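Below you'll find the structure, written out as structure tokens, and then a few comments.
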Amino acid sequence: MRELSRSGRGRTDVVRDGQGLEVSNADGEAIASLDFLREEWLRFGNRLADFVAAADREDRCPLLPVMAANLVLSMNAEEGRVAARRYLAQARRLAAGGISDREQAWIDATDAWLAGRVDRALAIHDKMMVHWPRDILAGKLGQLHAFNAGDSEALLRIGERLFAANRDNRFVYALYAFGLEECRRVEEAEALARQALELDRRDPWAHHAVAHCLESRGRMLEGVAFLESMSDTWEDCNSFMYTHNWWHLALFLVDLDRHDEALRLFDTRVWGVWKELCEDQINAVSLLARLELRGVDVGDRWADVARYLKPRLHEHFVPFLDLQYLYGLARAGEKSAVTEMLASLEERAETARPFEREAWADAAVPAAHGLAAYATGDRAEAARLLGQALPHLPKIGGSIAQRSLFGAIHLDALMRSGWNDAALRILQADDRERPTVPWTKRSLGDLYRRIGRTEQALAAEYQAEQLARHYAQGRPT
Numbered sequence: 174m175r176e177l178s179r180s181g182r183g184r185t186d187v188v189r190d191g192q193g194l195e196v197s198n199a200d201g202e203a204i205a206s207l208d209f210l211r212e213e214w215l216r217f218g219n220r221l222a223d224f225v226a227a228a229d230r231e232d233r234c235p236l237l238p239v240m241a242a243n244l245v246l247s248m249n250a251e252e253g254r255v256a257a258r259r260y261l262a263q264a265r266r267l268a269a270g271g272i273s274d275r276e277q278a279w280i281d282a283t284d285a286w287l288a289g290r291v292d293r294a295l296a297i298h299d300k301m302m303v304h305w306p307r308d309i310l311a312g313k314l315g316q317l318h319a320f321n322a323g324d325s326e327a328l329l330r331i332g333e334r335l336f337a338a339n340r341d342n343r344f345v346y347a348l349y350a351f352g353l354e355e356c357r358r359v360e361e362a363e364a365l366a367r368q369a370l371e372l373d374r375r376d377p378w379a380h381h382a383v384a385h386c387l388e389s390r391g392r393m394l395e396g397v398a399f400l401e402s403m404s405d406t407w408e409d410c411n412s413f414m415y416t417h418n419w420w421h422l423a424l425f426l427v428d429l430d431r432h433d434e435a436l437r438l439f440d441t442r443v444w445g446v447w448k449e450l451c452e453d454q455i456n457a458v459s460l461l462a463r464l465e466l467r468g469v470d471v472g473d474r475w476a477d478v479a480r481y482l483k484p485r486l487h488e489h490f491v492p493f494l495d496l497q498y499l500y501g502l503a504r505a506g507e508k509s510a511v512t513e514m515l516a517s518l519e520e521r522a523e524t525a526r527p528f529e530r531e532a533w534a535d536a537a538v539p540a541a542h543g544l545a546a547y548a549t550g551d552r553a554e555a556a557r558l559l560g561q562a563l564p565h566l567p568k569i570g571g572s573i574a575q576r577s578l579f580g581a582i583h584l585d586a587l588m589r590s591g592w593n594d595a596a597l598r599i600l601q602a603d604d605r606e607r608p609t610v611p612w613t614k615r616s617l618g619d620l621y622r623r624i625g626r627t628e629q630a631l632a633a634e635y636q637a638e639q640l641a642r643h644y645a646q647g648r649p650t
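To get the working numbering, take the position in the sequence shown, counting from 1, and add 173.
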């Protein structure tokens with residue numbers, strides 16, 4: 174591709190950023206701001222507002238407002254979309270004198286995201302990784318779009334290209350590792366994430382990737398020890414990364430039957446940092462739901478979370494987010510809000526474009542109705558509707574670990590409504606994949622007794638007791 178576009182004013186002034194990429198109409202201050210953004214975004218720092226302020230002041234370099242538009246869009250909030258439109262208009266004005274093809278690609282991808290064409294935005298970022306693989310933030314945004322579209326292959330492909338072209342940058346190791354983990358190449362993912370930590374112990378995305386790998390194999394004590402040993406580095410992370418890594422630690426505690434500790438983490442680390450942020454909200458919903466599935470009384474915590482979910486009934490940015498908003502409202506007893514959101518989700522599914530129809534119509538709508546049914550005690554209907562949605566759930570976005578919440582609710586609905594054969598198949602598969610979780614063994618024992626397989630019930634109950642004893646002594650299996 175040609176490097177520069179032209180206009181009536183001719184060739185733009187070009188300098189290079191810290192990655193060696195040409196930037197149009199940039200002075201030293203603009204380059205410093207772009208380099209700062211790349212570092213701060215990749216390390217999930219809490220000073221991103223400083224870059225937004227720099228973009229507000231910028232009157233020459235179009236890449237600053239383009240990046241600001243993407244930053245505010247990543248918050249998945251209506252006010253972010255309003256701000257992004259303003260930044261994109263600013264970028265177009267500054268680009269009138271001519272910009273590079275890479276910068277035009279950024280504008281086009283941002284415009285596509287604003288228009289709801291995540292498929293086109295992902296395709297542009299994917300292509301950018303072919304032409305400008307040193308543009309790490311283009312890869313980061315491409316991975317975000319792949320994540321939200323449930324496209325694990327694109328997530329991995331972009332990570333591979335970033336890693337191949339940027340081994341001198343410590344952040345690409347974890348970006349690649351997360352793509353590997355989401356494609357279930359867990360051993361490779363963990364090895365690469367630990368290489369990242371050898372380069373920089375403070376990389377929170379590497380902590381996150383290791384946590385995913387340990388969780389997927391049921392290595393809970395190791396997960397607790399690892400995340401606790403890294404938690405001192407999270408204090409200067411932004412709200413999303415801070416709360417999300419603590420959320421991962423809480424998941425290990427839930428599987429270890431250390432429910433009181435997990436609930437304390439909810440109160441002190443997971444909920445309350447930035448209650449208006451969507452990521453903090455879904456961490457809260459997911460953790461409360463998982464605790465309730467293990468029989469924990471979470472008190473009146475749902476009501477506080479629901480206060481911040483009510484403004485989101487009609488947003489529909491990512492179906493993965495919507496399903497958790499709806500479940501939180503349903504568990505808080507917000508019946509009118511749930512009814513309104515279900516109707517809005519159905520309207521969104523009816524207008525879905527072909528590339529997103531499976532996510533909204535085949536997955537989100539039946540799953541939402543199933544979650545609402547479960548929250549109000551209709552377990553059989555929940556089991557039916559969630560079972561209908563489950564084959565399509567990867568398309569809603571989110572990670573394997575995050576989407577497992579919906580599978581867990583489906584399993585509980587099956588067990589409570591007497592669908593023993595279906596529940597047994599799921600429990601046995603879960604136990605094969607993660608044979609170290611006491612709750613799974615106990616559930617198998619209960620189910621075996623229910624269907625008259627006493628010998629297998631006794632074996633499962635004994636295994637659960639042995640695991641619980643090991644964990645109480647702080648020893649891995």
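Don't be surprised by glycine CBs; every beta carbon is placed ideally from N, CA and C. The structure displayed is predicted, hence computed values, not measured ones.
State the Cα-Cα distance for the pair residue i and residue j, rounded to the nearest angstrom.
i    : j    : result
R557 : H542 : 10 Å
A362 : A269 : 43 Å
L584 : V196 : 52 Å
G289 : E529 : 10 Å
N342 : A379 : 13 Å
A562 : D535 : 6 Å
I624 : R390 : 28 Å
V511 : A545 : 8 Å
M514 : L486 : 5 Å
L329 : A337 : 12 Å
A278 : A398 : 43 Å
D376 : S412 : 15 Å
A522 : L559 : 17 Å
G181 : L236 : Because G181 carries a pLDDT of 30, less than 50, the predicted location of this residue cannot be relied on, and the following value inherits that uncertainty. Their backbone Cα atoms lie some 20 Å apart in a straight line.
L466 : V359 : 27 Å
S206 : M240 : 11 Å
K568 : D324 : 7 Å
A503 : R265 : 43 Å
G396 : R607 : 14 Å
L640 : R615 : 11 Å
L314 : A222 : 18 Å
D373 : L353 : 20 Å
S577 : A602 : 13 Å
R622 : K508 : 37 Å
F344 : L287 : 27 Å
A586 : D619 : 15 Å
G191 : I272 : 19 Å
R233 : L210 : 17 Å
I582 : E638 : 24 Å
L496 : Y547 : 13 Å
Quick one: using the 10 Å Cβ neighbour count with 16 as the cut-off for buried, is residue i buried or exposed?
i    : result
Q646 : exposed
D453 : buried
V303 : exposed
G332 : buried
G468 : exposed
A262 : exposed
T524 : exposed
T627 : exposed
P539 : buried
G193 : exposed
G501 : buried
Y635 : exposed
G183 : Bear in mind that a pLDDT of 40 at G183, under 50, signals an unreliable position, so the model cannot answer this.
A364 : exposed
E308 : Note on identity: in this sequence residue 308 is Asp, with Glu being the wrong assignment. Flag for D308 reads buried.
E449 : exposed
So residue i packs on residue j, CB below 8 Å; how close in whole Å?
i    : j    : result
D409 : N219 : 6 Å
E388 : F351 : Not quite, the Cβ-Cβ distance comes to about 13 Å (not below 8 Å), so this is no contact.
S572 : E355 : 6 Å
W214 : L317 : Actually they are not in contact, since the Cβ atoms of W214 and L317 sit about 11 Å apart, beyond 8 Å.
L295 : A327 : 6 Å
Does the ligand SAM have even one heavy atom less than 7 Å from the beta-carbon of residue i?
i    : result
H489 : Looking for the ligand SAM in the displayed structure turns up nothing, as the structure carries no ligands at all.
Establish whether the CB of residue i and some CB of chain C are separated by less than 8 Å.
i    : result
E202 : Considering every chain present, this structure includes no chain C. It has just one protein chain.
- Message: Could you check whether the stretch 428-435 touches the stretch 598-618, counting it as contact only if at least three pairs of C-beta atoms, one from each stretch, sit closer than 8 Å?
- Response: yes
- Do the stretch 587-598 and the stretch 459-479 touch if we need at least three Cβ pairs shorter than 8 Å? no
- Mind listing, in chain order, the continuous beta strand (DSSP E) runs of no fewer than 3 residues lying wholly within the stretch 228-259? none
- Task: With a floor of 4 residues, list each alpha helix (DSSP H) that falls wholly inside the stretch 379-404, ordered by position along the chain.
- Result: 393-403
- Message: With a threshold of 8 Å, are at least 3 pairs of Cβ atoms found where one atom belongs to the stretch 247-259 and the other to the stretch 282-300?
- Response: yes
- Pick out the complete alpha helix (DSSP H) segments inside the stretch 423-463, 4 residues or longer, and give them in chain order. 432-438
- Task: Would you list, in sequence order, the uninterrupted beta strand (DSSP E) runs of no fewer than 3 residues that lie entirely inside the stretch 312-366?
- Result: none
- Query: Which runs of the alpha helix (DSSP H), 4 residues or longer, sit entirely within the stretch 527-597?
  - Reply: 538-548, 552-562 and 573-589
- Query: Counting only runs that start and end within the stretch 257-309, where is the alpha helix (DSSP H) found for 4 or more residues in a row?
  - Reply: 274-287 and 291-304
- Which whole runs of the alpha helix (DSSP H) in the stretch 185-230 are 4 residues long or more, in chain order? 201-215 and 221-230
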